[in-house]
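Below is one structure; the comments refer to it alone.
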Amino acid sequence: MIPVQFDYAAPETLEAAVNLLKENEGTEILAGGHSLLREMKLGRVSPLLLVDLGKIQGLQGIGLNRDPNGVVQIGVMTTYAQTANALKVKENYRALAEAALSIGDAQIRNWGRIGDIFAYHDLACDLPAAALVLEATFNTISPSSHRAIPAEEFINASFNMGLEPGEIVTSIDLPPYVTGTNSAYEKFQHPASGYTICGIATSIRRSSSGIVSKCRVAVTGAHARAIRLRQVEAALEGKAPTTKNIAAAANLATESVSISQEASKELNSLSNNYVSAEYRTHLMGVLTARSLTRATERVEIRSYI
96 MIPVQFDYAA
106 PETLEAAVNL
116 LKENEGTEIL
126 AGGHSLLREM
136 KLGRVSPLLL
146 VDLGKIQGLQ
156 GIGLNRDPNG
166 VVQIGVMTTY
176 AQTANALKVK
186 ENYRALAEAA
196 LSIGDAQIRN
206 WGRIGDIFAY
216 HDLACDLPAA
226 ALVLEATFNT
236 ISPSSHRAIP
246 AEEFINASFN
256 MGLEPGEIVT
266 SIDLPPYVTG
276 TNSAYEKFQH
286 PASGYTICGI
296 ATSIRRSSSG
306 IVSKCRVAVT
316 GAHARAIRLR
326 QVEAALEGKA
336 PTTKNIAAAA
346 NLATESVSIS
356 QEASKELNSL
366 SNNYVSAEYR
376 THLMGVLTAR
386 SLTRATERVE
396 IRSYI
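With the working numbering as the guide, the letters of the sequence shown map in order to residues 96 to 400.
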């Protein structure tokens, strides 16, 4: 039962949806629904109007309007299952495929839409971490403009409520695939709810000599939003991905939390009877090592003792 009364609209065009958001205060976007509806059932959100994007043509599918340079575009009303099973995503953007595949159960993955998380700014779940390491771009429309926003800027703006009023995410662009690049996603989830307790996404690019030329690592679940672990990235770039170097880099995931008062506060606020802040911190190091190892194996870099 949802303990609030609200109006509902299902426009058939993006222009109509934008106008509804512009003209009505207290409006929320319904883009798949699970994140928002859960919060409404708990009484945490009480919108006056829900604007459902489900009838708008052109917001679903992968590879539509593909850029000549090789950019892959995912419409925000594409399901988790479609995202996880798309051939180009499975081959070239495996962190995103694995993150989408880790969400809920088969029923949720076949109904939930990738835009739900970003429409309602549910930023402490799986997909934002993958978007960060893959350096995705979010395309939005608002009453005043169209924007292409880099993932890190978009996530920070969403968390700080810095997006324009009435701004709607329409699609997510994945950059052209570069040979010698691969990625991975590892998570630890609550056994009952399935919610992410800690998730680590990584992306690795190797040079012709087998050295890590580019490394991206992001954590989700352990903070109020997904964030990059820059110390981990810097520790592995320019080095061979040996077992020792991966372990040393992964240890920095834990240290970066312990030395940050802001991060510690976020961990404590996310702790509950099932998981302590200390355990989440431990998981960051363990999952970072696993994810880095899998990503390096996928680009045919061997880890040596």
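Even glycine gets a Cβ: it sits at the ideal position worked out from N, Cα and C.
For Q326, there is no enclosing beta strand (DSSP E); the residue is found in the alpha helix (DSSP H) stretching over R325 to L331. Rounded to the nearest whole angstrom, the C-alpha separation of A246 and A321 is 10 Å. Bridge partners of N277 according to DSSP: I299. For the stretch 149-184, the full-length beta strand (DSSP E) segments reaching 3 residues or more read 167-170 along the chain. Under a 10 Å Cβ-count criterion, Q177 is classified as buried, with 16 or more other Cβ atoms of the shown protein chains found around its own Cβ. For P223, the uninterrupted alpha helix (DSSP H) segment begins and ends at D221 to V228. Note that the stretch 240-254 does not touch the stretch 114-125; fewer than 3 beta-carbon pairs, one per stretch, sit closer than 8 Å.
By the Cβ neighbour-count rule, T174 is buried, with 16 or more other Cβ atoms within 10 Å of its own. For F283, the pairing in a beta bridge is given by DSSP as C293. In the DSSP assignment, H241 falls outside any alpha helix (DSSP H) and lies within the beta strand (DSSP E) extending over H241 to P245.
By the criterion of at least three beta-carbon pairs nearer than 8 Å, the stretch 285-300 is in contact with the stretch 217-235.
Where L109 is concerned, the enclosing alpha helix (DSSP H) starts and stops at L109 to E118. Between I263 and L109, the beta carbon gap of about 7 Å places them in contact (Cβ cut-off 8 Å). In the structure shown, the three-state DSSP call for I124 is strand. Within its own chain, the residues whose Cβ lies closer than 7 Å to the Cβ of V273, once the five positions on either side in sequence are excluded, are R300, listed in chain order.
Per DSSP, the beta bridge partners of N234 are A243 and S266. A straight-line Cα-Cα distance of about 44 Å links E259 and G305. Taking A225 as the centre and dropping the five residues before and after it, the same chain places the C-beta of A190, L191, A194, Y280 and A296 closer than 7 Å to its C-beta, in chain order.
About 17 Å separates the Cβ atoms of V171 and K183, ruling out a contact at the 8 Å cut-off.
Taking the C-beta atoms as reference points, K282 is found nearer than 8 Å to S197. Burial check for S266: the Cβ neighbour count within 10 Å reaches 16 or more, so the residue is buried.
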